[in-house]
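Numbering (the numbering used here), first residue to last: 1 to 334.
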Ligand SMILES: [Mg+2]
């Protein structure tokens, strides 16, 4: 942050985050924020984005990065069936990073917070060799309405919102040499794929609708369907029969897979960062839940398999059955 003191920057960030927000008694600027907590269960979640691990400064705008840092946390609140309320932002930046980069980041954070009707009420800044953006989000859910990963039972149907593979395909398009992918990126679906990666949508309303439709377990697809489905099954102590032919592959993913000689199904299973909701429902709750999501949010709900006694995770394809490999994005494997 050449030429700016931390206090100067903080005063700019306070202006970006200013304004009245429901439930905020005292926002950024004091030792701590004061907010109404309400009678419901509190939800607390944090997500860290580290430069060169989660993002490349040259490939993502600070505005998009800020928006995404909020949305991925909101997605975790959505996966509990809750509503996001407040956010805290911890930011570490190299000394030579222009102040304008930070201001744009906060513009994206503010936009993301507004999109989900939540307020950013404080944070902290520090120096570091690489950029680290850590966002903490609180939310709330009424007692009895919270959905965890651990409630799935044999016979439950597995459903997923929206479509899969869009973010990973969008990342491919965004990181390839522009001349190679110009024809793909200029299509409607090409633009949608890139936007899925840079501006993910957290399924807050859908999560609440699934909870009230009787979801027995739920998780957001952050690290790839296969990996996150494996986590849900492990926590529930169940197995699964996943129908590969039923997977809702996002428009354009097959075209991107063809262009890069990849397998579209592998992208849908392991791509990650889709932030769709993966839930289990009793069989008779699937149809009403799908109608409700379509009517209220224009979001598709697709049945993709059934929960079994376990412990096997089985993928059923046209060529037979195989073990579902937990392929997906592993931050430690890199
Ligand atoms: Mg999650």
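A virtual CB, placed ideally from N, CA and C, is assigned to each residue, including glycine. Quick caveat, the model's predicted, so the values are computed rather than measured.
{"query": "Whether residue 264 touches residue 253 by CB criterion (8 Å)", "result": "yes"}
{"query": "Residue 43: CB within 7 Å of a non-hydrogen atom of ligand 1", "result": "no"}
{"query": "Identity of the residue in 306, 148, 117, 21 nearest residue 43 by Cα", "result": "148"}
{"query": "Three-way DSSP call (helix, strand, coil) for residue 14 in this model", "result": "helix"}
{"query": "Residue range of the beta strand (DSSP E) that includes residue 107", "result": "That residue, residue 107, is in no beta strand (DSSP E); its alpha helix (DSSP H) goes 99-115."}
{"query": "Distance cut-off 7 Å: residue 215 Cβ against heavy atoms of ligand 1", "result": "no"}
{"query": "Touching by the beta-carbon criterion (3+ pairs, under 8 Å), the segment 238-245 and the segment 296-316", "result": "yes"}
{"query": "Own chain residues within Cβ distance below 6 Å of residue 128, not counting five before or after", "result": "92"}
{"query": "Residue 134 CB to nearest heavy atom of ligand 1 below 7 Å", "result": "no"}
{"query": "Start-end ranges of the beta strand (DSSP E) lying completely within the segment 18-101, minimum 3 residues", "result": "24-26, 41-50, 83-93"}
{"query": "Residue 7 (DSSP reduced to helix, strand or coil)", "result": "helix"}
{"query": "Residue 79 beta carbon near ligand 3 (any heavy atom closer than 7 Å)", "result": "Here the bound small molecules are ligand 1; ligand 3 is not part of this structure."}
{"query": "Closer than 7 Å: residue 219 CB and nearest ligand 1 heavy atom", "result": "yes"}
{"query": "Option nearest residue 203 by Cα separation, candidates 50, 297, 63", "result": "297"}
{"query": "Contiguous beta strand (DSSP E) assignments of at least 3 residues, all confined to the segment 165-226", "result": "217-220"}
{"query": "Assumed close pair residue 184, residue 256 - CB separation to whole angstroms, cut-off 8 Å", "result": "6 Å"}
{"query": "Proximity to residue 194 [Cα-Cα], best of 21, 314, 122, 251", "result": "251"}
{"query": "Residue 129 - DSSP class collapsed to helix/strand/coil", "result": "coil"}
{"query": "Any non-hydrogen atom of ligand 1 within 7 Å of residue 274 CB", "result": "no"}
{"query": "Ligand 1 heavy atom lying under 7 Å from the CB of residue 222", "result": "yes"}
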